[in-house]
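This report refers to the structure that appears directly beneath it.
In my numbering, the protein residues as written are 259 to 642.
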């Protein structure tokens, strides 16, 4: 089993060397509708609350696509050393200097969507670059998945044994020990996962079945999944966490069976996905704190189904919490020329005008639709 190139590959274009952070991959933004913004006086809570850890043990204060500067490694340093080390403090200092040079403004949905709040409006806002230990922890240390979506990987990735599995498990064990060795009433949340699927991964399955939610009454569990393996049987297997579940994000990336199974979600089963989502939609009546979100990553292969997707979710899953869109980005998977062909969001793309036409539809004004980093393109399409 080979390793994934995620979250960043050193062979990709865009590598820089920073005096403090070392080698950093800055994703290319040429042709995007959004630009760098003046964020002076703005606030982002993630810099004081969020910890994301990847398969190498590298730690981040946000999604690496939006803030591609790692603050350290959990396998090499303690959480305390990483969390308030020089790198973490430098990133938080953006809030106080107003110079948000480290964030990728074009890809961050909060920045692109003009959704960052004003620092002056935040009650009990932090006043320094120091932060208490993280309250939101994202497990991105295992890429194992039952699908092989072309935007993410070239082959199916599934770690169940061997040295690569053991390294990922070592990262997971370190994080698990940090969070769950001792019962607590403190509030914190975990997010599983932005790197693969929580039910395809042996590491995540074992962890989710092991956690006793009753010992952590203020724990919130958020899952990001392709939904194919989130069957009623697997729902029951995590029964000790039912009362802790807060958000389940399900990746659709299409509005039809053909596109789903043959273009965007290779290895997926459209009918099983709809069946599982129907079951989960019904669970919301018994667990009203449970929020089901549906995600769609926009690219050339599926943009024409964006309207169809919104209508499908609204019709079939009435308890849906949100219907979300985001731009396809480079994970170092595609050759450059193929990646360029997928970037329908670039104004240099030959079909970009077709995307603008799609975005004029009133379906995107639905209160459940979240356009995220597509917001600047939607505004452009609608003359705003």
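Where a beta carbon is used, it is the ideal one built from N, C-alpha and C, also for glycine.
About 18 angstroms separates the CB atoms of residue 580 and residue 536; that is not less than 8 angstroms, and the two are not in contact. Residue pairing for residue 445: DSSP places it in no beta bridge. Closest by C-alpha distance to residue 327, out of 279, 286, 298, is 279. A check of alpha carbon separations from residue 623 across 481, 447, 512, 568 identifies 568 as the nearest. Taking C-beta separations shorter than 6 angstroms and ignoring five residues to either side along the sequence, the partners of residue 449 in its chain run 396, 480, following chain order. By the neighbour-count definition (other C-beta atoms within 10 Å, threshold 16), residue 388 is an exposed residue.
Under DSSP, residue 505 forms a beta bridge with 480, 549. In this model, residue 573 and residue 366 are separated by some 29 angstroms (Cα to Cα). The Cβ atoms of residue 539 and residue 576 lie closer than 8 angstroms to each other. About 6 angstroms separates the Cβ atoms of residue 564 and residue 616, confirming a contact at the 8 angstroms cut-off. In this structure, DSSP gives residue 346 a helical state, which the three-state scheme calls helix.
In the three-state reduction of the DSSP assignment, residue 416 falls in the coil class. Residue range 578-585 is occupied by the beta strand (DSSP E) that includes residue 578. Per DSSP, residue 306 lies in no beta strand (DSSP E); the unbroken alpha helix (DSSP H) holding it starts and ends at 304-307. Taking the Cα of residue 630 as reference, the smallest distance to any Cα among 431, 371, 609, 297 is reached at 371.
Of the candidates 541, 444, 518, 526, the residue whose Cα lies closest to the Cα of residue 490 is 541. No Cβ-Cβ contact shorter than 8 angstroms links residue 393 with residue 438.
Taking 8 angstroms as the cut-off, the beta carbon of residue 435 is found no closer than this to the beta carbon of residue 417. Counted as a single uninterrupted DSSP element, the beta strand (DSSP E) harbouring residue 273 occupies residues 273-276.
Look at the beta carbons and you see the region 299-317 touching the region 417-432: at least three pairs across the two are nearer than 8 angstroms. Between the region 399-413 and the region 590-608, the count of Cβ pairs shorter than 8 angstroms is three or higher; the stretches touch. In the DSSP assignment, residue 395 is bridged to 309, 448.
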